[in-house]
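Please read the structure below before turning to the comments.
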Ligand SMILES: C[S@@+](CC[C@H](N)C(=O)[O-])C[C@H]1O[C@@H](n2cnc3c(N)ncnc32)[C@H](O)[C@@H]1O
């Protein structure tokens, strides 16, 4: 299978306009956080964040396939002793744009250093907001199944009569469950909490996420040959992982030094192929 990757040097607010409608299967990205990294690549004031991001999310909505998914890694900053509300405001505004806010995953950073703050504890998790264009999006749940684990021995041994039938949830969630159907199974579906260690020390970027993060979502929401976009590419984690997983990838990055670094890491022949065949078209369009 031909797999292509392309690195676009520039501001995604302009570059996204050049991508085709309904052409991307998965957008996976971590934009600059409000004011967090001022010294490295410029921050956006928290009060201006929504205004800054909405033209970008409008373009992302246009380029995403109706069956595609947008995963946004974002966490609000604490200002004057309280959490800023720009992420919440952004979700509300994106819904007005036409996005469906389907789900929220938690990335638990399991190797955080301990710390001491006067009025809070170590912030050890980040949000991954899932947005879709339609309620019928591609999702390969079997690809991310996990071993049942030891808990099943203790929990399943002592099943109550209630657990053996599909009854109505006692907590009023509206979901019935029949736990006994998991007896004898080795694999189960995961939860929406991902326990992954951070690993940015060796990647020349102060905000790189671990490879396992895009990998999990690429498995869940795409198939080989699909097209993955990261409009805030940074050190190229999404692009490298997508290429390794036989997905086509497009990365946009405003800082030339990161573009140069990523270009060296992806397989050059793929770029050449990409140029020849015409940009931003997936295999399925040819
Ligand atoms: C949080 S970092 C992404 C890190 C990336 N996920 C990784 O694993 O390395 C955000 C990146 O977006 C880039 N950036 C900021 N504004 C941009 C814009 N308007 N267009 C494209 N890239 C931008 C920054 O230079 C930075 O490298």
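Numbering (the numbering used here), first residue to last: 23 to 308.
Positions of the beta carbon are idealized from the N, C-alpha and C atoms, including for glycine.
Assigned secondary structure, residue i (DSSP; H/G/I helix, E/B strand, else coil)
{"i": "residue 105", "result": "strand"}
{"i": "residue 28", "result": "strand"}
{"i": "residue 4", "result": "Outside the modelled stretch of the chain, which goes from 23 to 308, sits residue 4, for which no answer is possible."}
{"i": "residue 295", "result": "Note that residue 295 has pLDDT 42, beneath the 50 cutoff, so the model's placement of it is unreliable and the number below is only indicative. In the structure shown, residue 295 sits in a helix (DSSP, three-state: H, G or I)."}
{"i": "residue 176", "result": "helix"}
{"i": "residue 23", "result": "coil"}
{"i": "residue 209", "result": "strand"}
{"i": "residue 117", "result": "helix"}
{"i": "residue 112", "result": "helix"}
{"i": "residue 54", "result": "coil"}
Beta-carbon separation (whole angstroms), residue i vs residue j, contact threshold 8 angstroms
{"i": "residue 252", "j": "residue 261", "result": "6 angstroms"}
{"i": "residue 240", "j": "residue 255", "result": "Contact doesn't hold; Cβ gap of about 15 angstroms is too wide."}
{"i": "residue 25", "j": "residue 268", "result": "5 angstroms"}
{"i": "residue 153", "j": "residue 231", "result": "That belief does not hold up - the Cβ atoms of residue 153 and residue 231 are roughly 18 angstroms apart, past 8 angstroms."}
{"i": "residue 215", "j": "residue 276", "result": "Incorrect: roughly 32 angstroms between the Cβ atoms, too far for contact."}
N-terminal and C-terminal residue of the alpha helix (DSSP H) that residue i is part of
{"i": "residue 287", "result": "278 to 287"}
{"i": "residue 241", "result": "234 to 243"}
{"i": "residue 85", "result": "71 to 85"}
Residue j beta carbon less than 8 angstroms from that of residue i
{"i": "residue 123", "j": "residue 151", "result": "yes"}
{"i": "residue 49", "j": "residue 76", "result": "no"}
{"i": "residue 168", "j": "residue 242", "result": "no"}
{"i": "residue 250", "j": "residue 234", "result": "no"}
{"i": "residue 47", "j": "residue 103", "result": "no"}
{"i": "residue 52", "j": "residue 229", "result": "yes"}
Extent of the continuous beta strand (DSSP E) to which residue i belongs
{"i": "residue 264", "result": "Premise fails: residue 264 lies in the alpha helix (DSSP H), 259 to 266, not in any beta strand (DSSP E)."}
{"i": "residue 216", "result": "215 to 218"}
{"i": "residue 47", "result": "46 to 51"}
{"i": "residue 166", "result": "Segment: none, residue 166 is in no beta strand (DSSP E) and carries neither H nor E."}
{"i": "residue 252", "result": "249 to 252"}
{"i": "residue 129", "result": "122 to 131"}
{"i": "residue 150", "result": "147 to 154"}
Residue i Cβ short of 7 angstroms to ligand 2 heavy atom set
{"i": "residue 33", "result": "Absence of ligand 2 is noted for the structure shown, with ligand 1 being the only ligands found."}
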